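J.: Numbering (the numbering used here), first residue to last: 11 to 260.
By construction, the Cβ of each residue, glycine as well, lies at the ideal position given by its N, Cα and C atoms.
Everything numeric in this text was worked out from a predicted model, so none of it was measured.
(1) Do you know whose CA, among 217, 145, 214 and 73, lies nearest residue 108's CA?
(2) Determine the direct distance from the alpha carbon of residue 32 to that of residue 160, and round the result to whole angstroms.
(3) When you compare only the Cα positions, how much space is there between residue 152 and residue 204?
(4) Could you please give me the residues that DSSP links to residue 95 through a beta bridge?
(5) How is the alpha helix (DSSP H) around residue 160 delimited, first residue to last?
(6) Does the stretch 100-119 come close enough to the stretch 127-137 that 3 or more CB-CB pairs lie under 8 Å?
(7) My output table needs one value for residue 69: the three-state DSSP class, helix, strand or coil.
(8) Three or more C-beta pairs closer than 8 Å, one from the stretch 221-231 and one from the stretch 196-212: is that the case here?
(9) On the DSSP letters alone, give me the boundaries of the alpha helix (DSSP H) that residue 249 sits inside.
(10) What does DSSP give as the partner residue(s) for residue 230 in the beta ladder?
(11) Among 117, 57 and 40, which residue has its Cα nearest to the Cα of residue 49?
(12) Are the stretch 117-126 and the stretch 48-65 in contact at 8 Å, needing three or more beta carbon pairs?
(13) Can you list, in chain order, the residues of its chain whose CB lies under 7 Å from that of residue 244, leaving out five sequence neighbours each side?
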(Lines of atoms letter the chains of each structure in order from A; the text may use other names.)
(Lines give C-alpha, C1' and ligand atoms only; values in the text may rest on other atoms or scores of the structure.)
Protein backbone atom coordinates (compact mmCIF):
# COMPACT_ATOMS: atom_id res chain seq x y z
CA UNK A 11 0.00 0.00 0.00
CA UNK A 12 1.38 3.39 -0.95
CA UNK A 13 0.12 6.95 -1.02
CA UNK A 14 -1.21 8.31 -4.31
CA UNK A 15 -0.40 12.00 -4.83
CA UNK A 16 -3.43 14.19 -4.27
CA UNK A 17 -5.27 11.69 -2.07
CA UNK A 18 -5.64 11.33 1.68
CA UNK A 19 -2.99 9.05 3.23
CA UNK A 20 -4.27 5.55 4.02
CA UNK A 21 -5.38 4.49 7.49
CA UNK A 22 -3.93 1.52 9.37
CA UNK A 23 -6.75 0.00 11.45
CA UNK A 24 -5.30 -1.96 14.38
CA UNK A 25 -7.82 -4.62 15.42
CA UNK A 26 -7.95 -6.20 18.89
CA UNK A 27 -9.79 -9.52 19.38
CA UNK A 28 -12.26 -10.63 22.04
CA UNK A 29 -11.35 -12.68 25.10
CA UNK A 30 -9.84 -16.08 24.38
CA UNK A 31 -9.07 -15.19 20.76
CA UNK A 32 -6.02 -14.37 18.67
CA UNK A 33 -5.49 -12.12 15.68
CA UNK A 34 -6.82 -14.97 13.52
CA UNK A 35 -10.29 -13.68 14.38
CA UNK A 36 -9.64 -10.85 11.92
CA UNK A 37 -8.25 -12.97 9.11
CA UNK A 38 -11.49 -12.66 7.06
CA UNK A 39 -11.31 -8.89 7.40
CA UNK A 40 -8.14 -8.75 5.29
CA UNK A 41 -10.23 -9.42 2.17
CA UNK A 42 -11.99 -6.10 2.81
CA UNK A 43 -8.86 -3.96 2.65
CA UNK A 44 -8.81 -1.07 0.19
CA UNK A 45 -6.22 1.37 -1.09
CA UNK A 46 -7.26 3.63 1.78
CA UNK A 47 -7.67 1.13 4.62
CA UNK A 48 -5.27 -1.54 5.90
CA UNK A 49 -6.51 -4.12 8.41
CA UNK A 50 -3.82 -4.90 11.00
CA UNK A 51 -4.81 -7.63 13.50
CA UNK A 52 -3.08 -7.34 16.87
CA UNK A 53 -2.02 -10.21 19.13
CA UNK A 54 -1.26 -10.24 22.81
CA UNK A 55 2.19 -11.48 23.86
CA UNK A 56 2.37 -15.26 23.87
CA UNK A 57 -0.23 -15.66 21.12
CA UNK A 58 -0.34 -15.89 17.36
CA UNK A 59 2.25 -13.64 15.77
CA UNK A 60 3.71 -12.93 19.24
CA UNK A 61 3.77 -16.52 20.47
CA UNK A 62 7.50 -16.39 21.27
CA UNK A 63 6.98 -13.54 23.74
CA UNK A 64 6.30 -14.17 27.41
CA UNK A 65 2.62 -14.15 28.33
CA UNK A 66 1.37 -11.62 30.85
CA UNK A 67 -1.78 -11.17 32.90
CA UNK A 68 -0.78 -7.68 34.05
CA UNK A 69 -2.91 -5.01 32.38
CA UNK A 70 -0.29 -2.27 32.45
CA UNK A 71 2.43 -4.53 31.06
CA UNK A 72 0.08 -5.76 28.36
CA UNK A 73 -0.82 -2.22 27.31
CA UNK A 74 2.80 -1.05 27.32
CA UNK A 75 4.17 -3.93 25.22
CA UNK A 76 1.31 -3.81 22.74
CA UNK A 77 1.55 -0.04 22.36
CA UNK A 78 5.25 -0.35 21.51
CA UNK A 79 4.37 -2.98 18.92
CA UNK A 80 1.73 -0.76 17.30
CA UNK A 81 3.98 2.30 17.34
CA UNK A 82 6.84 0.39 15.72
CA UNK A 83 4.50 -1.08 13.11
CA UNK A 84 3.14 2.34 12.24
CA UNK A 85 6.63 3.75 11.83
CA UNK A 86 7.39 0.90 9.42
CA UNK A 87 4.14 1.44 7.54
CA UNK A 88 5.04 5.05 6.94
CA UNK A 89 8.20 4.00 5.16
CA UNK A 90 5.96 2.54 2.42
CA UNK A 91 3.09 5.00 2.80
CA UNK A 92 4.34 8.38 4.03
CA UNK A 93 1.78 10.14 6.18
CA UNK A 94 -0.19 6.98 6.90
CA UNK A 95 -2.70 7.57 9.67
CA UNK A 96 -4.01 5.12 12.22
CA UNK A 97 -7.13 4.05 14.07
CA UNK A 98 -8.11 1.20 16.38
CA UNK A 99 -10.96 -1.30 16.61
CA UNK A 100 -11.62 -3.50 19.61
CA UNK A 101 -14.37 -6.03 20.23
CA UNK A 102 -15.59 -6.97 23.72
CA UNK A 103 -12.47 -7.60 25.85
CA UNK A 104 -10.43 -6.10 23.02
CA UNK A 105 -12.32 -2.81 23.18
CA UNK A 106 -10.96 -1.78 26.57
CA UNK A 107 -7.49 -2.98 25.64
CA UNK A 108 -7.58 -1.16 22.30
CA UNK A 109 -8.51 2.19 23.85
CA UNK A 110 -5.82 1.93 26.52
CA UNK A 111 -3.26 1.00 23.86
CA UNK A 112 -4.39 3.87 21.63
CA UNK A 113 -3.85 6.32 24.47
CA UNK A 114 -0.36 4.93 25.10
CA UNK A 115 0.56 4.99 21.39
CA UNK A 116 -0.52 8.63 21.31
CA UNK A 117 1.86 9.29 24.19
CA UNK A 118 4.71 7.47 22.41
CA UNK A 119 4.22 9.12 19.02
CA UNK A 120 2.75 12.44 20.07
CA UNK A 121 -0.09 11.81 17.64
CA UNK A 122 -3.63 10.59 18.33
CA UNK A 123 -5.50 8.08 16.19
CA UNK A 124 -8.00 9.42 13.70
CA UNK A 125 -10.68 7.58 15.67
CA UNK A 126 -11.14 4.59 17.98
CA UNK A 127 -13.91 2.08 17.25
CA UNK A 128 -15.29 0.12 20.21
CA UNK A 129 -17.72 -2.78 19.94
CA UNK A 130 -19.77 -4.88 22.38
CA UNK A 131 -17.93 -3.97 25.57
CA UNK A 132 -19.01 -2.83 29.00
CA UNK A 133 -17.18 0.32 30.12
CA UNK A 134 -14.83 -0.31 33.06
CA UNK A 135 -17.26 1.25 35.56
CA UNK A 136 -19.88 -1.36 34.65
CA UNK A 137 -17.55 -4.37 34.74
CA UNK A 138 -18.61 -6.86 37.40
CA UNK A 139 -17.31 -10.33 38.36
CA UNK A 140 -19.11 -12.82 36.13
CA UNK A 141 -18.35 -16.06 37.94
CA UNK A 142 -15.91 -17.33 35.33
CA UNK A 143 -13.30 -18.11 37.97
CA UNK A 144 -15.73 -20.50 39.63
CA UNK A 145 -16.35 -22.54 36.47
CA UNK A 146 -14.65 -25.85 35.78
CA UNK A 147 -12.90 -26.21 32.43
CA UNK A 148 -15.88 -28.16 31.10
CA UNK A 149 -18.32 -25.49 32.25
CA UNK A 150 -16.17 -22.76 30.75
CA UNK A 151 -16.14 -24.58 27.40
CA UNK A 152 -19.92 -24.84 27.56
CA UNK A 153 -20.12 -21.09 28.15
CA UNK A 154 -17.76 -20.40 25.24
CA UNK A 155 -19.91 -22.59 22.99
CA UNK A 156 -23.13 -20.91 24.15
CA UNK A 157 -21.71 -17.44 23.50
CA UNK A 158 -21.31 -18.37 19.84
CA UNK A 159 -18.04 -16.64 19.10
CA UNK A 160 -15.92 -19.77 18.59
CA UNK A 161 -16.33 -22.35 15.79
CA UNK A 162 -17.68 -25.65 17.09
CA UNK A 163 -14.93 -27.61 15.34
CA UNK A 164 -12.32 -25.88 17.49
CA UNK A 165 -14.19 -26.73 20.66
CA UNK A 166 -14.39 -30.37 19.57
CA UNK A 167 -10.59 -30.67 19.51
CA UNK A 168 -9.12 -31.68 22.85
CA UNK A 169 -5.85 -29.82 22.33
CA UNK A 170 -7.55 -26.72 20.96
CA UNK A 171 -10.22 -26.63 23.66
CA UNK A 172 -7.53 -26.78 26.36
CA UNK A 173 -5.72 -23.93 24.60
CA UNK A 174 -8.93 -21.86 24.48
CA UNK A 175 -9.58 -22.43 28.17
CA UNK A 176 -6.08 -21.21 29.00
CA UNK A 177 -6.50 -18.08 26.88
CA UNK A 178 -9.90 -17.34 28.35
CA UNK A 179 -8.66 -17.64 31.92
CA UNK A 180 -5.70 -15.38 31.15
CA UNK A 181 -7.98 -12.76 29.66
CA UNK A 182 -10.38 -12.89 32.57
CA UNK A 183 -7.44 -12.26 34.89
CA UNK A 184 -6.72 -9.13 32.85
CA UNK A 185 -10.41 -8.17 32.69
CA UNK A 186 -10.65 -8.12 36.49
CA UNK A 187 -8.19 -5.20 36.41
CA UNK A 188 -10.29 -3.06 34.04
CA UNK A 189 -12.25 -1.11 36.70
CA UNK A 190 -9.09 -0.11 38.58
CA UNK A 191 -6.67 0.36 35.68
CA UNK A 192 -8.97 1.74 32.96
CA UNK A 193 -11.76 3.32 34.97
CA UNK A 194 -10.19 6.78 34.75
CA UNK A 195 -9.04 6.41 31.14
CA UNK A 196 -10.01 9.50 29.16
CA UNK A 197 -8.89 10.42 25.65
CA UNK A 198 -9.05 13.48 23.45
CA UNK A 199 -9.86 11.74 20.16
CA UNK A 200 -13.27 10.67 18.82
CA UNK A 201 -14.91 7.30 19.45
CA UNK A 202 -17.36 5.29 17.40
CA UNK A 203 -19.44 3.03 19.63
CA UNK A 204 -20.94 -0.03 17.94
CA UNK A 205 -23.72 -1.93 19.71
CA UNK A 206 -25.72 -4.93 18.53
CA UNK A 207 -29.44 -4.69 19.19
CA UNK A 208 -29.76 -8.26 20.50
CA UNK A 209 -26.57 -8.35 22.58
CA UNK A 210 -27.62 -9.91 25.89
CA UNK A 211 -24.36 -8.89 27.58
CA UNK A 212 -23.89 -5.31 26.41
CA UNK A 213 -27.08 -3.43 25.60
CA UNK A 214 -26.79 -0.31 23.44
CA UNK A 215 -27.58 1.84 26.49
CA UNK A 216 -24.62 0.38 28.35
CA UNK A 217 -22.37 0.63 25.31
CA UNK A 218 -23.09 4.35 25.01
CA UNK A 219 -21.51 4.92 28.43
CA UNK A 220 -18.12 4.72 26.70
CA UNK A 221 -18.79 8.29 25.54
CA UNK A 222 -17.77 9.38 29.03
CA UNK A 223 -14.20 8.29 28.24
CA UNK A 224 -13.62 10.91 25.51
CA UNK A 225 -13.48 14.70 25.58
CA UNK A 226 -15.13 14.91 22.16
CA UNK A 227 -18.58 13.70 21.08
CA UNK A 228 -18.87 10.00 20.27
CA UNK A 229 -20.78 8.49 17.38
CA UNK A 230 -23.28 5.79 18.31
CA UNK A 231 -24.13 3.04 15.83
CA UNK A 232 -26.57 0.14 16.27
CA UNK A 233 -26.28 -3.00 14.14
CA UNK A 234 -28.34 -6.16 13.88
CA UNK A 235 -27.35 -9.32 15.73
CA UNK A 236 -26.00 -10.50 19.06
CA UNK A 237 -22.79 -10.11 21.02
CA UNK A 238 -20.48 -11.27 18.22
CA UNK A 239 -22.30 -9.53 15.36
CA UNK A 240 -19.45 -7.12 14.68
CA UNK A 241 -16.80 -9.80 14.17
CA UNK A 242 -19.16 -12.13 12.33
CA UNK A 243 -20.26 -9.44 9.87
CA UNK A 244 -17.01 -7.63 9.08
CA UNK A 245 -18.39 -5.97 5.95
CA UNK A 246 -20.89 -4.09 8.12
CA UNK A 247 -18.18 -2.85 10.46
CA UNK A 248 -15.71 -1.97 7.71
CA UNK A 249 -18.47 0.08 6.08
CA UNK A 250 -18.97 1.96 9.35
CA UNK A 251 -15.23 2.46 9.68
CA UNK A 252 -14.91 3.76 6.13
CA UNK A 253 -17.79 6.17 6.59
CA UNK A 254 -16.57 7.58 9.89
CA UNK A 255 -12.97 7.92 8.77
CA UNK A 256 -14.12 9.54 5.54
CA UNK A 257 -16.31 12.02 7.34
CA UNK A 258 -13.40 12.86 9.59
CA UNK A 259 -11.40 13.95 6.55
CA UNK A 260 -13.85 16.58 5.35
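T.: Considering the structure as presented:
(1) Indexing the chain shown from 1 puts residue 108 at position 98. If we check each option's Cα against that of residue 108, 73 comes out closest.
(2) As a working mapping, residue 160 is identified with position 150 in the chain shown. As a working mapping, residue 32 is identified with position 22 in the chain shown. Taking the straight line joining both Cα atoms gives about 11 Å.
(3) Indexing the chain shown from 1 puts residue 152 at position 142. Indexing the chain shown from 1 puts residue 204 at position 194. Using only the alpha carbons, I get a separation of about 27 Å.
(4) Stepping through the chain shown from its first residue, residue 95 is reached at position 85. DSSP, once it has assigned bridges, lists 21 as partnering residue 95.
(5) On the chain shown, residue 160 is found 150 positions in, with the first residue counted as 1. Neither: residue 160 is in no alpha helix (DSSP H) and is coded neither H nor E.
(6) yes
(7) By 1-based counting over the chain shown, the position of residue 69 is 59. DSSP places residue 69 in helix when its eight states are reduced to three.
(8) yes
(9) Within the chain shown, residue 249 is the residue found at index 239, counting from 1. Run containing residue 249: 244-259, per the alpha helix (DSSP H) assignment.
(10) Taking the chain shown and counting its residues from 1, one reaches residue 230 at position 220. Answer is 203.
(11) Residue numbering aside, residue 49 sits at position 39 when the chain shown is read from its first letter. Closest option to residue 49, Cα to Cα, is 40.
(12) no
(13) As a first step, residue 244 must be located in the chain shown, where it is residue number 234. Here the set comprises 38, 39 and 42.
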